[in-house]
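First residue of the sequence shown: 223, per the working numbering; consecutive thereafter. We treat Cβ as the ideally placed atom computed from N, Cα and C, and that holds for glycine. Treat the numbers as computed from the prediction; the structure is a model and nothing was measured. One structure is given here, and the rest of the page talks about it.
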Amino acid sequence: MIKVVTSAAGGTRGAVTRSAGTLMACGVVAGPLYIVVVLLQMLTRDGFDISRHSASMLSNGDLGWIQMTTFVVSGLLFVAYAIGLARLPRPAAGRNRPWGPRLVGVFGAGMVAAAVFVADPADGFPPGTPAGAPTSMSWHGMLHLLVAQVAFLSLIAACFAFARRFAAAGSRGWAIYSRVTGGYFLASLISLVALQGARAANVAFALGIGLTLAWTSLLGVRLTRRAAR
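This is the structure:
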């Protein structure tokens, strides 16, 4: 719990700070929740291979509701997290540029949209789907790709936005961590597009998602503790 401010104007500020603590907790659990559920599905869903299939394709099949629910729940948690991030005190140099929280919010909304616009089956998943890339794409499959790209790019931009914030605050280690995370995720996304179908690119991209979601969780812990001092 973030501490309550007891200054003359502390009543209102304290209430906002307490609510921010609850919202920040949403962000701490959102990434790990998504990672754990996807990992469990990777180990239990017949025919799924992370080197050939994206996690979004888990929304297909009889158990597709699990991934769709995961998208919605995780996405809403990230939206709540973004609100909490916006309520935390910011360094003076960044008070007029709250891009980090906004970008995290766009990512969360993108996750929810990814559940609505389901990715198309492909390359043998779910079982019964013809091997190889599909010869055509549905309208919801195209929209899924669109919202996914917007969400990924927003999260990458959030990494760099917070890197700038940490650099302005003198937190060099976190600035570097944020830049490296965003840089790797961007590189993996570019390789995924450039080397379509390459197994190494698929695995690198999946790793990029996992590392960046871990960053969002650790970011929440870091900023919550900092605000509580």
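*By Cβ distance, which residues of its chain are closer than 7 Å to G432, with the 5 residues on each side in sequence left out?*
Residues of the same chain with a CB within less than 7 Å of the CB of G432, apart from the 5 flanking positions on each side, are I257 in chain order.
*State yes or no: is the C-beta of D342 within less than 7 Å of the C-beta of G363?*
When the beta-carbon positions are compared, D342 and G363 come within less than 7 Å of each other.
*Cα separation between V340 and N282?*
If I take the Cα positions, the gap works out to 8 Å.
*Just tell me which of L299, W321, P352 and T357 has its CA closest to the CA of A331.*
Looking only at L299, W321, P352 and T357, the smallest Cα-Cα distance to A331 is reached by L299.
_Looking at the strands, I want to know which residues DSSP matches up with F347._
The partner list for F347 (beta bridge, DSSP) reads A344.
*Which residue spans inside the region 341 to 422 form an unbroken beta strand (DSSP E) run of at least 3?*
Runs of beta strand (DSSP E) with 3 or more residues, each lying fully within the region 341 to 422, are absent.
*Would you check if the distance between the CB atom of G442 and the CB atom of G269 is smaller than 7 Å?*
In terms of Cβ geometry, G442 and G269 do not form a close pair [threshold 7 Å].
_Using 7 Å as the threshold, is the C-beta distance between L187 and G306 below it?_
With the chain represented from 223 up to 451, any question about residue 187 goes unanswered, as that position is not in the structure.
_Neighbourhood of T351 by C-beta, 6 Å cutoff - its chain only, sequence neighbours within 5 removed_ = P343.
*How many Å lie between T291 and A391 at the Cα?*
Separation of T291 and A391 (C-alpha to C-alpha, rounded to the nearest whole angstrom) is 38 Å.
*Pairwise C-alpha distance: A308 and T446*: Cα-Cα distance, rounded: 12 Å.
*asked:* Which of the three DSSP states is assigned to S296 in this structure?
replied: If DSSP states are grouped into helix, strand and coil, S296 belongs with the helices.
*Starting from the Cα of V251, find the closest Cα among T357, A242 and S439 and give me that residue.*
The residue with the shortest Cα to Cα distance from V251 is S439.
*Could you give the C-beta distance for W321 and A383, rounded to a whole number, given that I count them as a contact under 8 Å?*
Cβ-Cβ separation between W321 and A383: approximately 5 Å, consistent with a contact (criterion under 8 Å).
*With a CB to CB cut of under 7 Å and the five nearest residues on each side skipped, what residues in its chain are close to S360?*
D342.
*Are A422 and V369 closer than 7 Å when you measure CB to CB?*
Contact: no.
*Using the C-alpha atoms, what's the distance from F427 back to S410?*
Looking at the two C-alpha atoms, the distance is approximately 5 Å.
*asked:* Quick check: the Cα distance between V338 and H366, rounded to an integer number of angstroms?
replied: In a straight line, the C-alpha of V338 is about 8 Å away from that of H366.
*So, are the CB atoms of L408 and G253 less than 7 Å apart?*
Contact flag unset, no.
*7 Å Cβ cutoff met for V326 and A379*: The answer is no: Cβ separation not under 7 Å.
*How many whole angstroms separate the CB atoms of G419 and A355, which I take to be in contact at a CB cut-off of 8 Å?*
With 8 Å as the limit, G419 and A355 qualify as a contact, their Cβ atoms being about 7 Å apart.
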